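Comments concern the structure below.
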Amino acid sequence: MDAIPPQPVLPDGRMLPASAPARARTARGRPVHLSGYDRERQDFYATPAWVTEALLRHVRLRGPVWEPCCGDGAMARVLAAHGHAVVSTDIADRGFGEAGVDFLQCATVPRGCRSIVTNPPYGDSGSHEGQSRSPVAMRGFLKHALMLTEQVEGQLALLVRLQWIAGRFVAEAMSAAPFSAVIVLTRRIRWFDLAERTNHAQHHHAWVVFDHAHPPGQPPALLYG
Ligand SMILES: C[S@@+](CC[C@H](N)C(=O)[O-])C[C@H]1O[C@@H](n2cnc3c(N)ncnc32)[C@H](O)[C@@H]1O
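If you count the sequence shown from 1, you need to add 396 to reach the working numbering.
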């Protein structure tokens, strides 16, 4: 098991205490990386705790974890409760973690981190609804996350719609990546909808897990959570 430094560090060198209360860690001054993100479209969904717990039942995460789209901390809190040091950032200020950090503009993981775990923005709108509208944005997110985790021979766990895995381009991208496991959630997620009106429990979801230390040639595990 890797040693866990007490204070993970953001790419610009600033230190963040792991899982400190939200407001205390929210950036007061200039954001770290700020893109032209449209603040009118920051709808998001907080992930129920059982979903992250299903991941942790199957996957042993190495080192401090980065939750780069932390929202209000729904996933980060569960990771911390299971003993992980967590760096929590988000492009928006949702009252948790470090605000103003555009994941897609980050060139490295926060210093010390070895894993990325998140429920990413599925489309340009940063919402679940957006996944069907813009699967391209999601693929860009995957590509960027794989590039960052490769630098630290790390792990990546993304919560996606099960259907997303079946796309041809995604299949190619996943096959070329160190794809180590898919954890299919047999229960449908009832989202805490904060912005959009959707059929809450309409889709099945899965964790897709990548591990740059996964032995080449070893097929990914199919697991159920
Ligand atoms: C679907 S929500 C998930 C929130 C949290 N991960 C959870 O599972 O509860 C997506 C989050 O991604 C954030 N986001 C969207 N684009 C981002 C970007 N480029 N960089 C960082 N965060 C982003 C949104 O602000 C939103 O909080």
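Glycine is no exception: its CB is placed at the ideal position from the N, C-alpha and C atoms. Quantities reported herein were computed from a predicted structural model and do not represent experimental measurements.
Residue 567 and residue 539: beta carbons closer than 9 Å? Looking up residue 567 in the sequence shown gives position 171. Looking up residue 539 in the sequence shown gives position 143. Not in contact: residue 567 and residue 539 (Cβ atoms no closer than 9 Å).
Verify the contact flag: residue 463, CB atom, against every heavy atom of ligand 1, threshold strictly below 8 Å. As a position in the sequence shown, residue 463 is number 67, starting the count at 1. Yes, since a heavy atom of ligand 1 falls inside the 8 Å radius drawn around the Cβ of residue 463.
Taking only the alpha-carbon atoms, compute the straight-line gap between residue 624 and residue 549 and give it to the nearest angstrom. Nothing in the structure corresponds to residue 624, since the chain is present only between 397 and 621.
Can you tell me the Cα-Cα spacing of residue 579 and residue 467, whole angstroms? As a working mapping, residue 579 is identified with position 183 in the sequence shown. As a working mapping, residue 467 is identified with position 71 in the sequence shown. So the alpha carbons of these two residues sit roughly 22 Å apart.
Output the boundary residues of the beta strand (DSSP E) element that contains residue 587. On the sequence shown, position 191 is the one that residue 587 refers to. Element bounds for residue 587: n/a, residue is neither H nor E.
In this structure, how does DSSP classify residue 348 when only helix, strand and coil are distinguished? Because the chain here runs from 397 to 621, residue 348 falls outside it and cannot be looked at.
Apart from the five residues just before and just after residue 561, which ones in its own chain have a Cβ nearer than 8 Å to its Cβ? As a first step, residue 561 must be located in the sequence shown, where it is residue number 165. Here the set comprises 567, 570, 578, 602, 604.
Would you mind sorting residue 447 into buried or exposed? The rule is 16 or more other CB atoms within 10 Å of its CB. Here residue 447 refers to the residue found at position 51 when the sequence shown is read from its first residue. That one is buried.
Buried or exposed for residue 609, please, with buried defined as at least 16 other CB atoms from any protein chain shown within 10 angstroms of its CB. Within the sequence shown, residue 609 is the residue found at index 213, counting from 1. The residue is exposed, with fewer than 16 neighbouring Cβ atoms inside 10 Å.
Return helix, strand or coil for residue 503, following the three-state DSSP convention. Start at 1 with the first residue of the sequence shown, and residue 503 comes out as number 107. In this structure, residue 503 counts as coil in the three-state DSSP scheme.
How should residue 496 be labelled, buried or exposed, when 16 other C-beta atoms within 10 angstroms of its C-beta is the threshold for buried? Stepping through the sequence shown from its first residue, residue 496 is reached at position 100. Burial call: buried.
Exposed unless 16 or more other CB atoms sit within 10 angstroms - verdict on residue 582: Here residue 582 is taken as the residue at index 186 of the sequence shown, counted from 1. Exposed, by the Cβ-count rule.
Would you tell me roughly how many angstroms separate the C-alpha atoms of residue 534 and residue 611, rounded to the nearest one? Against the sequence shown, residue 534 aligns to sequence position 138. Against the sequence shown, residue 611 aligns to sequence position 215. Taking the straight line from one Cα to the other gives about 26 Å.
Could you give the distance in angstroms between the alpha-carbon of residue 619 and the alpha-carbon of residue 559? Position 223 of the sequence shown holds residue 619. Position 163 of the sequence shown holds residue 559. Looking at the two C-alpha atoms, the distance is approximately 16 Å.
Could you give the DSSP three-state label for residue 514: helix, strand or coil? Translated into the one-based positions of the sequence shown, residue 514 becomes position 118. If DSSP states are grouped into helix, strand and coil, residue 514 belongs with the strands.
Comparing the CB of residue 709 with every heavy atom of ligand 1, is any distance shorter than 8 Å? Any property of residue 709 remains undetermined from this structure, which presents the chain solely from 397 to 621.
Looking only at C-alpha atoms, which of 455, 621, 456, 492 sits nearest to residue 472? As a working note, residue 472 is residue 76 in the sequence shown. Nearest option by C-alpha distance: 492.
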